[in-house]
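Remarks on the structure that follows.
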Amino acid sequence: MKQILFGFLIICFVFLVACNNETETTSQGKSESAESDGTAVKEEKEEKDENGDSDQSGIEETPTVEPQYMVSDNWSLVPMKEGVNENVVLLTIDDAPDKYAVEMAKTLKELDANAIFFVNGHFLVTPEQEEMLQEIHDLGFSIGNHTFNHVTLPDVSEEEQKEEIVSLNDRIEEIIGERPVFFRAPHGANTDYSIEVAEEEGMTVMNWSYGYDYFKPYMDAEKLAHAMVTGEGPEVDISYSLLKPGANLLMHDREWTLEALPDIVNGLREKGYEMLDPNLIQNH
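In my numbering, the protein residues as written are 997 to 1280.
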């Protein structure tokens, strides 16, 4: 009896050892399999990264806008190919950001109207003025160069002309992170050298077709709106309309111009004109 019991215990012991070995082998196999799978996934990911096949769905490239208009010899905007809308006008605001430029930008934004704000460096000397320029830029408006001190360029040396233009580009870039792509000389008075400097800086030179808000008779919102929409300024001897397709419209950072903006934009639209997006203008 003792021999039978002893034999039974030996059989149980052998069975338990065998089961334990099988469990360890299975666990080891699963561990090795998991490690192998993990390595395979890692290798596959690295291979995708090297081949540029990894998921880049969260990264979007800024689309390139194809130019559709160019500045003509008379400073108007003309289509570069057939099928492009001719009935456009370009709104521009000079001498910003003085007092009303931010409000003007907000008004234009509400009206869904594009414009270029030509800025002067002497309006960019305080943190508050820097913030004004940044806000205009953040609202989506193009920033242009109108010289640092609003000097009459033909009256100063070539060295001063270059300083007036380039130093303002540097200042604007320092504030908004971009250099201007449009240049307008104070009083529309360019020189061959100032045009050369502007083009070397990668800017398109432009003057204007007409503007009235700097004439005393039109320092009134109602009169100004009528003059800008009709193109006529009889009180300054412009008894005929200067409003034509592609007209480049000059305005300034002034209180009466701010008040007139809604009527100007809506009036031009009623005449069938679209406010041109400056991004569609060919640049040098």
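Quick reminder that beta carbons are idealized off the backbone N, C-alpha and C, glycines included. Quantities reported herein were computed from a predicted structural model and do not represent experimental measurements.
Under 7 Å Cβ to Cβ from residue i, same chain only, skipping five residues before and after it: list those, please.
i: E1062; result: none
i: N1081; result: E1270
i: P1213; result: K1219, E1231 and V1232
i: Y1236; result: E1228
i: L1164; result: G1117, N1141, T1143 and F1144
i: A1223; result: Y1208, Y1214 and G1229
Beta-carbon separation of residue i and residue j under 8 Å?
i: M1247; j: I1089; result: yes
i: P1274; j: F1178; result: yes
i: P1176; j: N1141; result: yes
i: F1114; j: A1097; result: no
i: L1135; j: K1102; result: yes
i: V1162; j: V1193; result: yes
i: P1258; j: L1107; result: yes
i: S1072; j: A1243; result: yes
i: N1203; j: G1227; result: no
i: A1111; j: F1137; result: yes
i: L1254; j: Y1206; result: no
i: V1225; j: K1267; result: yes
i: V1147; j: L1272; result: no
i: M1100; j: D1249; result: yes
i: I1171; j: Q1130; result: yes
i: N1186; j: L1149; result: yes
i: M1215; j: H1280; result: no
i: I1066; j: P1093; result: It should be noted that the sequence gives Met, not Ile, for residue 1066. For M1066 and P1093, no; Cβs fall outside 8 Å.
Where do the N-terminal and C-terminal ends of the alpha helix (DSSP H) with residue i fall, by residue?
i: H1222; result: A1217 to T1226
i: N1244; result: First-last for N1244: A1243 to H1248, but that is the beta strand (DSSP E), not the alpha helix (DSSP H).
i: P1258; result: E1251 to E1266
i: I1191; result: D1188 to E1196
Would you mind reading off the limits of the beta strand (DSSP E) that contains residue i?
i: G1140; result: S1138 to N1141
i: M1202; result: Element bounds for M1202: n/a, residue is neither H nor E.
i: M1066; result: Y1065 to V1067
i: T1088; result: V1084 to A1092
i: V1232; result: No beta strand (DSSP E) contains V1232, which DSSP labels as neither H nor E.
i: V1074; result: L1073 to P1075
Here's the rule: buried if 16 or more other CB atoms are within 10 angstroms of the residue's CB, otherwise exposed. What is residue i?
i: D1091; result: buried
i: Q1278; result: exposed
i: S1190; result: buried
i: L1264; result: buried
i: D1151; result: exposed
i: H1133; result: buried
i: D1049; result: Summary for D1049: the model assigns pLDDT 42, below 50, so the residue's position carries little reliability, and this model does not support an answer.
i: I1260; result: buried
i: P1123; result: exposed
i: E1281; result: This structure gives no information on residue 1281, because the portion of the chain shown stretches from 997 to 1280.
Using C-beta distances below 6 Å, list every residue in its chain close to residue i, excluding the 5 sequence neighbours before and after it, in chain order.
i: D1188; result: none
i: V1201; result: F1179, I1191 and A1194
i: F1211; result: V1232
i: A1256; result: A1217, L1220 and A1221
i: L977; result: Because residue 977 is not part of the residues shown, which for the chain are 997 to 1280, the question remains open.
Shorter than 8 Å from the beta carbon of residue i to some beta carbon of chain C?
i: I1161; result: The structure shown has no chain C; it contains just one protein chain.
Which same chain residues end up closer than 8 Å to residue i when comparing Cβ atoms and leaving out the 5 residues on each side of it in sequence?
i: K1077; result: Q1064
i: E1156; result: V1147
Let me check you understand the geometry: is the CB of residue i closer than 7 Å to at least one non-hydrogen atom of the ligand COA?
i: D1090; result: Although the ligand COA was asked about, the structure shown includes no ligands whatsoever.
In chain order, which beta strand (DSSP E) runs of at least 3 residues are fully inside the segment 1106-1169?
Counting whole runs of 3 or more residues, the segment 1106-1169 contains the beta strand (DSSP E) stretches 1112-1115 and 1138-1141.
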